[in-house]
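Number of protein chains: 2
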Amino acid sequence: MKTEDIIKVNGGVCAAKGYLAAGVYCGIRRNRTKKDLALVFSKTPANAAAVYTRNRVKGAPLAVTKAHVDGGKISAVICNSGIANTCSAGGKELAAEMCKLAGDALGVAAESVVVASTGVIGQPLSISPIAYGVPELVKTLSRDGTDAARAIMTTDTVVKQTAVEFTLGGKRVRLGGMAKGSGMIHPDMATMLVFLTTDAAVSKEMLQQALSGDVESTFNMMSVDGDTSTNDMVLLLANGEAGNEEITCENDDFRTFMCALNTVNIELCRMLAGDGEGATKLLDCVVTGAGTLRDARKAAKSVICSSLVKAAMFGADANWGRVLCAMGYSGAEFDPEKVDVSFRSAAGEVEVCKAGSPVDFSEEKAKAVLSENEILISVSLGEGGYSAEAWGCDLTYDYVRINGDYRT
Amino acid sequence: MKTEDIIKVNGGVCAAKGYLAAGVYCGIRRNRTKKDLALVFSKTPANAAAVYTRNRVKGAPLAVTKAHVDGGKISAVICNSGIANTCSAGGKELAAEMCKLAGDALGVAAESVVVASTGVIGQPLSISPIAYGVPELVKTLSRDGTDAARAIMTTDTVVKQTAVEFTLGGKRVRLGGMAKGSGMIHPDMATMLVFLTTDAAVSKEMLQQALSGDVESTFNMMSVDGDTSTNDMVLLLANGEAGNEEITCENDDFRTFMCALNTVNIELCRMLAGDGEGATKLLDCVVTGAGTLRDARKAAKSVICSSLVKAAMFGADANWGRVLCAMGYSGAEFDPEKVDVSFRSAAGEVEVCKAGSPVDFSEEKAKAVLSENEILISVSLGEGGYSAEAWGCDLTYDYVRINGDYRT
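Quick mapping for you: the protein sequence lines, in order, are chains A and B. Sequential numbering from 1 applies to the first sequence in the numbering used here. Sequential numbering from 409 applies to the second sequence in the numbering used here.
Set out below in structure tokens:
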């Protein structure tokens, strides 16, 4: 499988065959110009895999969704933004009622509907706007997933969707998805809300194996602010409409599917991190030469999580000592005296640290490199052959402004 | 031992008998109005205990200091600010040379001098300003520790020193100290630079036991920005000049000494966190009712480390869902449905969450409570009898400004 055989195509959650979606304003948010309720529908019931937040305080919808995903095939997803339905009495009953409303309107069982909520924690969510919005959602279902992707946004500033096309056993297959998330992003075995759909035929077990494996190198390697959300979820639906032979073991088709999934998820990670609350820059840290994969991941993630690295990148300041400091407390094993660090962007590359000691570099060049909106922080540990990549964003005045008064 | 028997007295590192200190400008910093070299001298060689950063990337002075502390009694401390002497070739030799310069000028062995540096990582430190500054330091040694406390400051905005007086076996004893630190503060088994002195007689073993035990509930429960520094160090010197019977086991005197040490260290923690880079507010999170001490500590520390909680406090926004979220990913064991949360300050108290669900509170009152400069976040877990306290600060525009361009 060559990655060039995976072609990027337009669309997102409806790029694969057999999926429809819609997004409307139903009255959960005060701002009527923002959509707040989304629906995704698969005409053919789909195998489903999901990963959820490890936060001990969990959103009420997660329990309902988990029971439905574990129970059998999934036909639809209903998701609201504005209120997280978390830390509020009666949340589970309300989440179940959302599934019933969507199921009844679509003519499918409530148990085949996945539910998700995102927004403020600790405020009660009312069923009435949802009951009002569901008929409108069903009426406006279409092959364009953009309104749905817009309706799940909170502090996001851009719609996040992507899709690819590839071949499985001679059949053309598509995989696409949408994501939301801008703050409270520090996924732990899961992520913000991500809904992925494919028309590939993949057994439930292999679908879960693919998703659980991939998030370790994608969503779990991303952070905006170190805060693991209560409502994180990644859902992957496979309805089999592409007509390929169902993937039921780790064969070549499975590996191809994993490549496609990884392509889509990395793209969504970059979109999420680049649109981090207040962010002006996407940070991409690549650590090579680690003794183990675990060390590579710990080091890369620690760099993009460091408030000091993030603030330095905002200021286009080549303060590489903070990169070494962040790796030093990451728990990764390495010898500081073997570390090389460079910064790279569209404006070029500047080497700043060689074998743990300063390199005499041009401050002017460094300033130019770090003034671009995508910065690669490249680190070589000189220990072994493992590498990892992590995504984050800079820490800016706007992050403080947005989060100094998000609730009121 | 009642805590009221521990009396606060003026001064800091020279409050106890037999200690002298000085601070001068020697030319390491570009800004001539800031002092950058400090010296502390104990006429009677002192037993010494120390804890150091767990960051894998360690400042060169730490290795030299550790060898000297492990080797025997300590007579002096030399410390510069401006450059951290970390990630720079020849750093250890330079740190050893600093000890020799100070030792020669004071007429004590180089091995009886502790050395520390704080400032930018990855820039070479030159010996010449230090050689220039040491004679001036020795000439200006006095019983006032304020100049020394000023000379170790980096982005600190206030001098941090405190001292107490108490009684051991009928003898009046003093314990005091100075600290620096404002950013890159997230101590792990150690902290920023803290130098503590006492005239109590305490054996080296019991001194280390007291210090190692106390930092777990003081400096290790404090964070400004989640970044564990490369140069953290807490040093405690005991020269015995108070004439008390030497503490050599866990007797009543040891417990009294621990109480005094805890009083001084909590005061320094509050000073450090309250003067966090850009901070406008000191945050104090008290978690009670935890099932274990470990759970209480994890939960409290996670709350004061959360960027979202910190930004909400800056905005005086009673967004208590973020407090629950931060505890949820802390690793502490608890049932979200038993959690109570309230905010308290000089302006009063407001209960915001009861048994994991929202309380109907006055937003106006909450705004008033959270607009003060010291905020207590009080959490009850309802699980058991353990409690813990952690100290932090709000996340502000100024933190971003200071760290967007600290180096250049």
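We treat Cβ as the ideally placed atom computed from N, Cα and C, and that holds for glycine.
- Within the segment 49–73 of chain A, the residues whose Cβ lies closer than 9 Å to any Cβ of chain B are, in chain order, T53, R54, N55, R56, V57, K58.
- Counting only unbroken stretches of 3 or more residues, the beta strand (DSSP E) elements lying wholly within the segment 639–711 of chain B are 641–646, 690–698, in sequence order.
- Straight through space, the alpha carbons of B:E780 and B:F722 are spaced by roughly 10 Å.
- Under a 10 Å Cβ-count criterion, A:N31 is classified as exposed, with fewer than 16 other Cβ atoms of the shown protein chains found around its own Cβ.
- Collapsing the DSSP output to three states places A:R150 in a helix.
- At a cut-off of 8 Å between beta carbons, B:L732 contacts chain A.
- If you compare the alpha carbons of B:Y460, B:T638, B:R464 with that of B:N493, the shortest gap goes to B:T638.
- Note on geometry: alpha-carbon atoms of B:I785 and B:V711 lie some 9 Å from one another.
- Taking A:G145 as reference, the option from A:V77, A:R294, A:I185, A:E97 with the minimal CA-CA separation is A:V77.
- Of all residues in the segment 120–137 of chain A, the ones placed with a Cβ closer than 8 Å to any Cβ belonging to chain B are V120, I121, G122, Q123, P124, in chain order.
- No residue range can be given for A:Y25, since it is assigned to no alpha helix (DSSP H) and is classified by DSSP as neither H nor E.
- In this model, B:V581 and B:T606 are separated by some 7 Å (Cα to Cα).
- A Cβ of chain A is located within less than 8 Å of the beta carbon of B:M735.
- In summary, the residues of the segment 289–312 of chain A whose CB is separated from some CB of chain B by less than 7 Å are S306, S307, L308, A311, A312, in the order they occur in the chain.
- Collapsing the DSSP output to three states places A:Q161 in a strand.
- For B:C657, no CB of chain A lies under 8 Å from its own CB, so it is not counted at the interface with that chain.
- The C-beta of B:C657 has fewer than 16 other C-beta atoms within 10 Å across all chains shown, which makes the residue exposed.
- Straight through space, the alpha carbons of A:V379 and B:A524 are spaced by roughly 28 Å.
- In the three-state DSSP reduction, B:R582 falls in the strand class (E or B).
- In the DSSP annotation of this structure, the continuous segment of the alpha helix (DSSP H) that includes B:T473 starts and ends at 468–479.
- Listed by position along chain B, the residues whose Cβ is nearer than 7 Å to that of A:L395 are V808.
- The criterion of a C-beta distance shorter than 8 Å is satisfied by A:L283 and A:D394.
- A:A179 is positioned such that its CB atom lies closer than 8 Å to that of A:L193.
- It is roughly 6 Å from the alpha-carbon of A:G289 to the alpha-carbon of A:S387.
- From the beta-carbon of B:N488, no residue of chain A is found nearer than 7 Å; the closest lies around 16 Å away.
- Here the segment 442–451 of chain B makes contact with the segment 556–570 of chain B; the two share three or more CB pairs at distances below 8 Å.
- The bridge partners DSSP lists for B:E759 are B:S750.
- Residues of the segment 212–226 of chain A with a C-beta less than 7 Å from any C-beta of chain B: D225, G226, listed in chain order.
- Here the C-alpha atom of A:V134 lies approximately 7 Å from the C-alpha atom of A:A105.
- Residue nearest to B:G479 within the set B:N488, B:C667, B:R678, B:A458 is B:A458 (criterion: CA-CA distance).
- Taking B:L669 as reference, the option from B:T626, B:L701, B:D660, B:D564 with the minimal CA-CA separation is B:T626.
- Membership of B:S715 in the alpha helix (DSSP H) is indicated by the continuous run 715–722.
- Fewer than three Cβ pairs drawn from the segment 230–246 of chain A and the segment 125–142 of chain A lie within less than 8 Å of each other, which leaves the two stretches out of contact.
- Taking a Cβ-Cβ threshold of 7 Å, the residues of chain B close to A:F314 are V808, G812, in chain order.
- Beta bridge pairing from DSSP links B:E501 with no other residue.
- Assignment of A:A131 by DSSP, reduced to helix, strand and coil, places it in the helix class.
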